[in-house]
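To get the working numbering, take the position in the sequence shown, counting from 1, and add 44. Quick reminder that beta carbons are idealized off the backbone N, C-alpha and C, glycines included. Heads up, the thing below is written out as C-alpha cells.
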Amino acid sequence: MVVAMAPWTEPGSRFTRDFERECAWLMTVANQKTVSGFPHVAWRTAGDIAHRVAERLKAAIPSPFDHLTLIGVDETSYRKGHTYITVVVDHERHRAIWEHDGYGRDVFGLFFKALKPEQRSSIRVATGTGRAGSTHASPSTARTRNACSTASTSSPG
Numbered sequence: 045m046v047v048a049m050a051p052w053t054e055p056g057s058r059f060t061r062d063f064e065r066e067c068a069w070l071m072t073v074a075n076q077k078t079v080s081g082f083p084h085v086a087w088r089t090a091g092d093i094a095h096r097v098a099e100r101l102k103a104a105i106p107s108p109f110d111h112l113t114l115i116g117v118d119e120t121s122y123r124k125g126h127t128y129i130t131v132v133v134d135h136e137r138h139r140a141i142w143e144h145d146g147y148g149r150d151v152f153g154l155f156f157k158a159l160k161p162e163q164r165s166s167i168r169v170a171t172g173t174g175r176a177g178s179t180h181a182s183p184s185t186a187r188t189r190n191a192c193s194t195a196s197t198s199s200p201g
C-alpha cells in the first residue's frame, strides 16, 4: 500500500478541498443540520469541515499587526453616560486593527501586549487626539517610537 499526498486533499480529512469549501460556503447561508443533509454527511462532520476550512483561512490571512509603522489611537464614547472604547488604526492601510472597551494607559497597554516584539519594534509613529500629555504613550513604548499628540478638533479661540 502506498500513501501519497494529493494536491486536492487536506491532512486529517477524508474529503477533497473543493468539497470542504462547498460545505463551508453552504454553512454561511444555512445551519449545520441543513448543510449536513445536502451533501449527505453527518452534522458533526459538517461542523468538523467548517472548523478545518476556518483554520486554513485563518492561517492564510496575515496578522493585521504585521508591518505596522504608522498607527493612530482614539478614545471615544459611544453611549450616553460616557461608555468609552479605544480604537487603534493603521494609517497606511486605512483600517481599524484593534478595539477595546475603556480608555487610558492601561487599555492602550493591552494593545501592546497583543503585539509580538518584532511587531512592536516596527511601529515608528503613534498619533492620537486629545489632551496634551495624552495617556497613549507609555514609558515602555516611548523608547522605540515617536508619540505625537495632535490638538483637538476644535480650533483655538
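Range covered by the beta strand (DSSP E) that runs through G172: Going by DSSP, G172 is part of the beta strand (DSSP E) stretching over 169 to 173.
With the cut-off set at 8 Å, would you say K77 and W69 are in Cβ contact? no
Candidates T130, E64, R61, of which the one nearest T173 by Cα: T130
Any idea what DSSP makes of H126, helix, strand or coil? Three-state result, H126: coil.
Using three-state DSSP, classify W52 as helix, strand or coil. coil
By the 10 Å Cβ neighbour count, where 16 or more other Cβ atoms means buried, how is F82 classified, buried or exposed? Exposed: under 16 other Cβ atoms inside 10 Å.
Mind checking which residues open and close the beta strand (DSSP E) that includes D145? 139 to 145
Here's the rule I'm using: 16 or more other beta-carbon atoms within 10 Å means buried, otherwise exposed. How should R96 be labelled? buried
Figure out for me which residue from F152, E66, R61, V79 has the closest Cα to the Cα of V132. F152
Name the DSSP beta bridge partners of L114, please? V169
Sub-8 Å separation of L159 and D134 beta-carbons: no
Can you tell me the Cα-Cα spacing of T171 and V85, whole angstroms? 52 Å
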